[in-house]
Amino acid sequence: MPHARRVVGIALTVLRALCKASARAGKRLYQMYLKPLDMFEEIRAAPDASGAALLLVAAFTAQTLTAAALFSGVAIRSARGETSLFANFISNIAAYVSIRGATLFVFWFILFIIFWFIMYALGSRVEGFVVFSATGYILSSQLATFLAILLIYVAAANRLPSMVLVSEPGVYPQYVALTAHLYRIDSLSSDVPARLLLDAIGYFGTVWNIVLTALMFKVVGDLSWKRTIIGSAAATAASWFLASIFRLAGML
1 MPHARRVVGI
11 ALTVLRALCK
21 ASARAGKRLY
31 QMYLKPLDMF
41 EEIRAAPDAS
51 GAALLLVAAF
61 TAQTLTAAAL
71 FSGVAIRSAR
81 GETSLFANFI
91 SNIAAYVSIR
101 GATLFVFWFI
111 LFIIFWFIMY
121 ALGSRVEGFV
131 VFSATGYILS
141 SQLATFLAIL
151 LIYVAAANRL
161 PSMVLVSEPG
171 VYPQYVALTA
181 HLYRIDSLSS
191 DVPARLLLDA
201 IGYFGTVWNI
211 VLTALMFKVV
221 GDLSWKRTII
231 GSAAATAASW
241 FLASIFRLAG
251 ML
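In the working numbering, the protein residues as written are 1 to 252.
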């Protein structure tokens, strides 16, 4: 009986912590787009990692669902027969989620080290956990972008018929996925400017990420505007370079 009460007590504690983190994540999501200065000021005063982690998980979930929508209704025909890309994706979902999910949090940690080093080099003496928290929220700012892209892909998957792509020997699977992506977007564009929408969403996500990075250096790092511009430019370049390496490795 005491053991059961202990288990229930632990479960309730975890549940309360999760509810608290979820409420904080919701608040940060609102601030991220409408009151970013307030968000960074609060992070500087009371940093946290749980809210950022939850938002990152939500963004990763949206990204995974987008990949599933891309492969839905798409088959590839080769010398070995016809294979459903969606069924193949689902059969490998555990490996996909574990590898890419772990990579995302590794990317967060590496980016935090880079941002903190740049801030320190520019004269900021902010605590590491504050930078770690702020970096996580900057990464999770792509959640709105991923959700918007997901809606477009779901619309394409639902409105367009299934397709069978013929694979040539030696063609990488990524090219097949790209072909499916381009075909669906171009087909959907006859009714909806899907390609234009995707470009606009991508540009917004990039610009807003740069804005948040600059505000982090200014508010969290407590730097002058001159050093903020230098630091955020260096941090943005480093993050893009790091992301390109991870993408080339197929891990992001």
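Cβ atoms here follow ideal geometry from the backbone N, Cα and C, with glycine treated the same way.
Because the structure is a prediction, the values reported are computed rather than measured.
Indicate whether residue i and residue j have their beta-carbon atoms separated by less than 8 Å.
i           : j           : result
residue 97  : residue 64  : yes
residue 215 : residue 36  : yes
residue 134 : residue 40  : yes
residue 119 : residue 26  : no
residue 128 : residue 227 : no
residue 252 : residue 100 : yes
residue 303 : residue 62  : As displayed, the chain neither begins before 1 nor continues past 252, which places residue 303 out of reach and without an answer.
residue 185 : residue 198 : yes
residue 269 : residue 115 : Beyond the ends of the chain as shown, which are 1 and 252, falls residue 269; an answer cannot be given.
residue 246 : residue 107 : yes
Work out the CA separation of residue j and residue i for me, nearest whole Å.
i           : j           : result
residue 60  : residue 104 : 8 Å
residue 20  : residue 50  : 9 Å
residue 272 : residue 155 : Beyond the ends of the chain as shown, which are 1 and 252, falls residue 272; an answer cannot be given.
residue 203 : residue 85  : 29 Å
residue 71  : residue 77  : 14 Å
residue 94  : residue 80  : 25 Å
residue 160 : residue 183 : 10 Å
residue 223 : residue 24  : 26 Å
residue 244 : residue 237 : 11 Å
residue 87  : residue 102 : 23 Å
residue 34  : residue 200 : 19 Å
residue 6   : residue 48  : 27 Å
Relative to the C-alpha of residue i, which candidate in the options has its C-alpha closest?
i           : options               : result
residue 158 : 122, 137, 32 and 74   : 74
residue 153 : 32, 69, 33 and 54     : 69
residue 28  : 43, 18 and 17         : 43
residue 38  : 218, 232, 250 and 236 : 218
residue 52  : 210, 160, 185 and 18  : 18
residue 209 : 179, 233, 106 and 114 : 233
residue 126 : 6, 246, 15 and 46     : 46
residue 143 : 78, 206 and 15        : 206
residue 22  : 113, 58, 11 and 80    : 58
residue 140 : 111, 81, 237 and 238  : 111
residue 83  : 211, 163, 239 and 229 : 163
residue 117 : 231, 240 and 193      : 231
residue 32  : 179, 250, 240 and 211 : 211
Here's the rule I'm using: 16 or more other beta-carbon atoms within 10 Å means buried, otherwise exposed. How should residue i be labelled?
i           : result
residue 225 : exposed
residue 130 : buried
residue 109 : exposed
residue 213 : buried
residue 55  : buried
residue 30  : exposed
residue 15  : exposed
residue 137 : buried
residue 248 : exposed
residue 91  : exposed
Discussion item. Just to confirm the assignment: which complete alpha helix (DSSP H) runs, minimum length 4, are found wholly within the stretch 35 to 61?
Written reply: 36 to 45
Worksheet item: Whole beta strand (DSSP E) runs in the stretch 102 to 156 with 3 or more residues, listed along the chain?
Response: none
Item to complete: Within the stretch 60 to 93, note down every full alpha helix (DSSP H) run reaching 4 residues or more, in order along the chain.
Response: 85 to 91
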